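Down below is the structure, laid out as structure tokens.
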Amino acid sequence: VTLSAPLPIDAVGGTYFVVVEIYSLVKNREELQATQSFQVTVDKTYGVDLTSTNNVLTKEGEADDTVTFDVDLKNEGSVNETFRISIEKKPRGWDQITPEFNQITVGPYQTATFTVTVEIPTIDDPEDIDASEDYMFDL
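In our numbering, the protein residues as written are 962 to 1100.
Here it is, written out as structure tokens:
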């Protein structure tokens, strides 16, 4: 007799124990004849996917406007994971680009959404900025 237990694709990493019990039917009564324990280890995997909610990657605004971006962070791994969030490569003078959290913990195969707020700075001298230029940052 072969017993098999296929693991679901979203099995959480860790160690599990399975007990198999064998019964016989004697005079219309079940009697336990044997037990066997098995240990199954699900490998821990790690992965992350970062996308903009509704694929919104560009927004427009004027000086002193505030725009927001909703970001989906998917934990593609099989364990809880804590991610640190930072903003990199900010344009010079654009100091007010902030994520909603500095870090976030996401369960295995789960998605969390957070907001990034961008406060567009005021430029004192209009000669310092090209209004047609796009300003970008990395998350």
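Where is the CB? At the ideal position from N, CA and C, for every residue including glycine. Since we're looking at a predicted model, the values are computed, not measured.
Less than 8 Å between the beta carbons of Q1064 and I1046, yes or no?
In contact: Q1064 and I1046 (Cβ atoms closer than 8 Å).
Hey, would you say E1023 sits closer than 8 Å to I970, going by beta carbons?
No. Outside cutoff.
Taking Y984 as part of the beta strand (DSSP E), name the residues at either end of that continuous run.
Looking at the DSSP string, the run of the beta strand (DSSP E) that includes Y984 is 975-987.
Check whether the stretch 1001-1017 touches the stretch 1047-1055, counting contact only when three or more Cβ pairs, one atom from each stretch, lie closer than 8 Å.
No, because fewer than three Cβ pairs between the stretch 1001-1017 and the stretch 1047-1055 fall closer than 8 Å, the two stretches do not touch.
Name the one or two DSSP bridge partners that I1065 has.
Per DSSP, F1044.
C-alpha gap between G1068 and F1062, whole angstroms
For G1068 and F1062, the distance between alpha carbons rounds to 16 Å.
Are three or more beta carbon pairs between the stretch 1023-1043 and the stretch 981-999 nearer than 8 Å?
Fewer than three pairs of CB atoms, one per stretch, sit closer than 8 Å, so the stretch 1023-1043 makes no contact with the stretch 981-999.
Determine which residues share a DSSP beta bridge with S998 and list them.
S998 pairs with V980.
Simplified DSSP state of T963, which is helix, strand or coil:
Here T963 sits in coil by DSSP.
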